[in-house]
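**Q** Submitted below is the structure of interest, expressed as structure tokens.
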Amino acid sequence: MSTTSETPVLDTLAAMTGDSLERCGMDADMLLLIRLAALVASDAPPISYAAHIDPAVRAGLTAEQLQDVLVAIAPIVGTARVMTAAGNITKALGVAIAVAEAEAQAQAGMDTMG
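Numbering (the numbering used here) for the sequence shown: 16 to 129.
Take a look at the structure:
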């Protein structure tokens, strides 16, 4: 199997997320909030949160809504899981911001060359 992407695993996960959004009867924002809760409950690593950043932004989710989910599930999953999740979300956002900045710089370099 050949691929032209430099991130085939992330691309596959993004496609699965998109497919799930299309097949689920829930609104995208509700589905993503539920996924966030599931990520916290499963003690997911930062990359798992990173895969949901773009869909969450496109669904119009706010930081307050994400915080509300963490507050709502804390009594169920425990404070340690919520704190770990908050750190992992922060790491994922940092990576997403760094990637966006690198892409913007690369695009600016291409614009000045062409």
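Virtual Cβ for every residue (Gly too), placed ideally from N, Cα, C.
Cβ of A115 within 8 Å of any heavy atom in the ligand FMN?
**A** Looking at this structure, you won't find the ligand FMN or any other ligand, since it has none at all.
**Q** Output needed for A71: all residues of its chain with C-beta closer than 7 Å, excluding positions within five of it in sequence on either side, in chain order.
**A** For A71, where only same-chain residues beyond five positions count, the Cβ hits under 7 Å are L47.
**Q** With respect to the alpha helix (DSSP H) encompassing M41, which residues constitute its N-terminal and C-terminal limits?
**A** From DSSP, M41 is part of no alpha helix (DSSP H); its letter is neither H nor E.
**Q** Three or more C-beta pairs closer than 8 Å, one from the stretch 62–70 and one from the stretch 27–46: is that the case here?
**A** Yes: the two stretches touch, three or more of their Cβ pairs being nearer than 8 Å.
**Q** Measure the beta-carbon distance from L76 to D44 and round it to whole angstroms, keeping in mind my assumption that it falls under 8 Å.
**A** Between D44 and L76 the Cβ distance is about 6 Å, and since that is below 8 Å, they are a contact.
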